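2 protein chains.
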Amino acid sequence: MPISEEIRRLLRYRICLEKFKRFGWETTFSYTIGKESGVSSEQIRKDFSQFKIEGHKKGGYNINEILAKINQIFRKDITNYFVIMGMGNIGEALINYPGFEKHNIKIAGAFDIDPVKIKKKYRVPIYHMDMLPEIVKKYKVKIAVIAVPAIAAQEVCYYLIDCGIVGIMNFSPIILKTPDSVNVYNIELIPVLEGLIYHSNN
Amino acid sequence: MPISEEIRRLLRYRICLEKFKRFGWETTFSYTIGKESGVSSEQIRKDFSQFKIEGHKKGGYNINEILAKINQIFRKDITNYFVIMGMGNIGEALINYPGFEKHNIKIAGAFDIDPVKIKKKYRVPIYHMDMLPEIVKKYKVKIAVIAVPAIAAQEVCYYLIDCGIVGIMNFSPIILKTPDSVNVYNIELIPVLEGLIYHSNN
DNA sequence: TAGATTGTTAATCGATTAACAATC
DNA sequence: TAGATTGTTAATCGATTAACAATC
């Protein structure tokens with residue numbers, strides 16, 4: 078069950094609409110969003126129709142209305158928590174990444190097994206992995222990031238699922254085995270670079 | 078021009094095949110790769126056929142042969158260089174990321190405009206952005222990672238294109254404007270998390 | 001009104017899946 | 001040989017694109 082293209086496009090539109098809002102615009106047209114987002118205007122109207130976002134014939138769409146609807150679709154009214162497994166380079170970068178809070182997403186905690194890392198002070202509490210069930214329960218966490226070494230990734234993945242995690246963003250370069258009910262999104266750094274290199278040669 | 082699914086699947090197969098090799102296997106079947114990679118065996122045979130990877134009826138595929146062919150497709154015989162724009166959290170994480178060299182990919186240099194960051198010692202040389210054309214020329218760089226703040230991303234993107242970059246991995250949360258000839262892959266951290274959250278609620 | 005824009009329905013396209021002949 | 005597996009061709013499916021009626 079991958080993240081649908083439709084959902085990703087909605088979030089692309091949001092980026093454009095926020096830009097338009099900064100321009101001081103109040104309304105816009107499917108064609109205008111299309112030019113900014115690189116999506117065809119027909120596709121945009123179809124997506125909007127699917128999610129019951131209504132426009133005005135000739136008058137276009139009210140920017141605040143679309144944004145409100147998108148925020149509603151993504152339940153931005155409540156804070157969503159996620160956890161980070163592994164405090165290596167990537168885990169550390171994510172902890173310092175600004176912009177989660179702007180979208181009402183918060184890190185409930187980060188987890189490692191190295192006592193040195195657990196002791197270090199960060200913007201977010203670092204726990205031993207044994208603490209995971211407790212934190213998941215406390216913050217009703219459904220989403221996790223796997224940023225542990227490849228060798229440990231599958232084991233951590235099983236542990237996450239046991240703890241009730243249903244969505245995983247995976248930075249490790251392995252193919253995780255998960256039940257169908259769990260949604261995995263792989264951040265494939267090496268494959269993306271190799272793909273770009275491939276296209277640059279062809 | 079996005080990275081094709083076919084190309085990404087090939088790299089998925091590689092992960093599986095390298096695992097099989099560690100098991101000591103010499104041959105395998107489309108069905109076996111399928112079970113490991115989560116891709117259907119028909120799809121795998123079709124992909125192999127497309128890239129002229131041949132098997133033996135009843136005997137399956139020779140693992141080393143497929144790996145050699147994949148390495149040939151991705152030109153792993155030569156070292157491919159890329160540059161990193163921006164030495165924030167993500168730029169720093171990438172510099173310390175192990176595994177690029179294993180795939181014969183190297184960071185030609187990282188670039189920033191902050192003199193403090195340029196002076197700091199890392200595993201990779203850090204240059205002022207003015208040095209970009211020189212390094213691109215020296216290492217024949219075609220690929221860049223954008224890891225600068227959102228506000229600077231578009232400008233850096235134009236600069237990269239001027240310097241001859243044709244493939245971009247973009248970590249900034251904006252939609253880059255590029256000519257069709259340039260291949261952009263967006264690492265959408267926030268949209269992925271929001272997508273996972275959406276699916277966990279639906 | 002005439003022109004512009006939405007929103008829906010139909011057509012197209014490409015990618016995936018199924019089927020099966022070839023053959024080891 | 002019989003059974004298993006490849007490799008290709010045909011069928012299906014879903015997503016995108018085109019067309020156009022509705023209407024402001």
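Protein chains in written order, with our numbering: chain A, 78 to 279; chain B, 78 to 279.
Glycine included, each C-beta is placed from N, C-alpha and C at the ideal position.
Owing to the predicted nature of the structure, the values given are computational and were not obtained by experimental measurement.
Could you check if residue i is buried or exposed, using at least 16 other CB atoms within 10 Å of its CB as the buried criterion?
i, result
"N166 of chain A", "buried"
"F100 of chain B", "exposed"
"N26 of chain B", "For residue 26 of chain B there is no data in the structure shown, the boundaries of chain B being 78 and 279."
"I228 of chain A", "exposed"
"V213 of chain A", "buried"
"E211 of chain A", "exposed"
"A230 of chain A", "buried"
"Y235 of chain B", "exposed"
"E103 of chain A", "exposed"
"V193 of chain A", "exposed"
"N263 of chain A", "buried"
"A145 of chain B", "exposed"
"H205 of chain B", "exposed"
"H133 of chain B", "exposed"
Determine the chain A residues that contact residue i at a beta-carbon separation under 7 Å, and present them in chain order.
i, result
"E83 of chain B", "Going along chain A, no residue has its Cβ under 7 Å from E83 of chain B, so there is no contact; the nearest lies around 10 Å."
"I308 of chain B", "The structure shown does not extend to residue 308 of chain B, since chain B spans only 78 to 279, so no value can be given for it."
Report yes if the CB atom of residue i is closer than 8 Å to the CB atom of residue j, and no otherwise.
i, j, result
"I143 of chain B", "I130 of chain B", "yes"
"I150 of chain B", "F125 of chain B", "no"
"I251 of chain A", "H180 of chain B", "no"
"N260 of chain B", "G244 of chain B", "yes"
"V222 of chain A", "F248 of chain A", "yes"
"I161 of chain B", "I182 of chain B", "no"
"I220 of chain B", "I274 of chain A", "yes"
"I190 of chain B", "V218 of chain B", "no"
"G176 of chain A", "A224 of chain A", "no"
"Y90 of chain A", "S114 of chain A", "yes"
"R152 of chain A", "V116 of chain A", "no"
"T105 of chain A", "G136 of chain A", "no"
"V201 of chain A", "I238 of chain A", "no"
"S107 of chain B", "I121 of chain B", "yes"
"V269 of chain B", "I155 of chain A", "no"
"Y199 of chain B", "Y158 of chain B", "no"
"A170 of chain A", "E169 of chain B", "yes"
What residues of chain B sit near residue i, judged by a beta carbon separation below 9 Å?
i, result
"I251 of chain A", "I92, K96"
"N260 of chain A", "G272, L273, H276, S277"
"F159 of chain A", "L270, L273, I274"
"G176 of chain A", "A227, P250, L266, I267"
"H180 of chain A", "I267, L270, E271"
"I203 of chain A", "What I203 of chain A touches in chain B: nothing, since even the nearest Cβ is about 16 Å away."
"I71 of chain A", "This structure leaves residue 71 of chain A out entirely; chain A is present only between 78 and 279."
Which bits of chain A does residue i rub up against, with CB to CB less than 9 Å?
i, result
"M246 of chain B", "L266, V269, L270, L273"
"N148 of chain B", "The contacting residues do not exist; N148 of chain B stays about 10 Å from chain A at best."
"L88 of chain B", "E265, I267, P268, E271, G272"
"V243 of chain B", "L273, H276, S277"
"K219 of chain B", "L273, I274, S277, N278"
"I184 of chain B", "In chain order: nothing, as chain A lies at least about 10 Å away."
Per DSSP, residue i is paired with what?
i, result
"F125 of chain B", "Answer by DSSP bridge pairing: none, since F125 of chain B is not bridged."
"A187 of chain B", "B:I161, B:I203"
"H276 of chain B", "Per DSSP, none; premise fails for H276 of chain B."
"H133 of chain A", "A:G137"
"F260 of chain A", "For the sequence presented, residue 260 of chain A should be read as Asn rather than Phe. The partner list for N260 of chain A (beta bridge, DSSP) reads A:G244."
"I143 of chain B", "In DSSP, I143 of chain B forms no bridge with anything."
Would you mind telling me which residues of chain B sit closer than 8 Å to residue i, beta carbon to beta carbon, in chain order?
i, result
"I114 of chain A", "A small fix is needed here, since residue 114 of chain A is Ser in this sequence, not Ile. Within 8 Å Cβ-Cβ: I252."
"F151 of chain A", "E271, I274, Y275"
"E169 of chain A", "N166, A170"
"I238 of chain A", "The premise fails here: I238 of chain A is roughly 13 Å from chain B at the closest Cβ pair, so nothing lies under 8 Å."
"I121 of chain A", "Near I121 of chain A there are no residues of chain B at all, since even the closest Cβ is about 14 Å away, more than 8 Å."
"I110 of chain A", "Going along chain B, no residue has its Cβ under 8 Å from I110 of chain A, so there is no contact; the nearest lies around 11 Å."
When you measure from the CB of residue i to every non-hydrogen atom of the ligand ATP, does any distance come out below 7 Å?
i, result
"F151 of chain A", "Questions concerning the ligand ATP fall outside what the structure shown contains, since it holds no ligand whatsoever."
Name the chain A residues whose beta carbon is nearer than 8 Å to that of residue i?
i, result
"N139 of chain B", "Result: empty, since nearest Cβ-Cβ is about 21 Å, beyond 8 Å."
"I130 of chain B", "Those do not exist, as I130 of chain B stays about 16 Å from chain A at its closest Cβ, beyond 8 Å."
"I143 of chain B", "Under the 8 Å cutoff, chain A gives no residues; its nearest Cβ is about 16 Å from I143 of chain B."
"I223 of chain B", "Simply none; closest approach about 12 Å."
Could you work out which residues of chain B lie near residue i, taking near to mean beta carbons separated by less than 7 Å?
i, result
"V212 of chain A", "It is worth fixing the name first, because residue 212 of chain A is Ile in this sequence and not Val. Ordered by position in chain B, no residue passes the 7 Å Cβ test against I212 of chain A, which lies about 16 Å from the chain."
Handout entry: Residue ranges of each alpha helix (DSSP H) within the region 201–246 of chain A, 4 or longer
Key = 209–216, 227–239
Exercise for the section: Ignoring anything shorter than 4 residues or poking outside the region 80–130 of chain B, list the alpha helix (DSSP H) runs there in chain order. Expected result: 82–99, 107–114, 118–127
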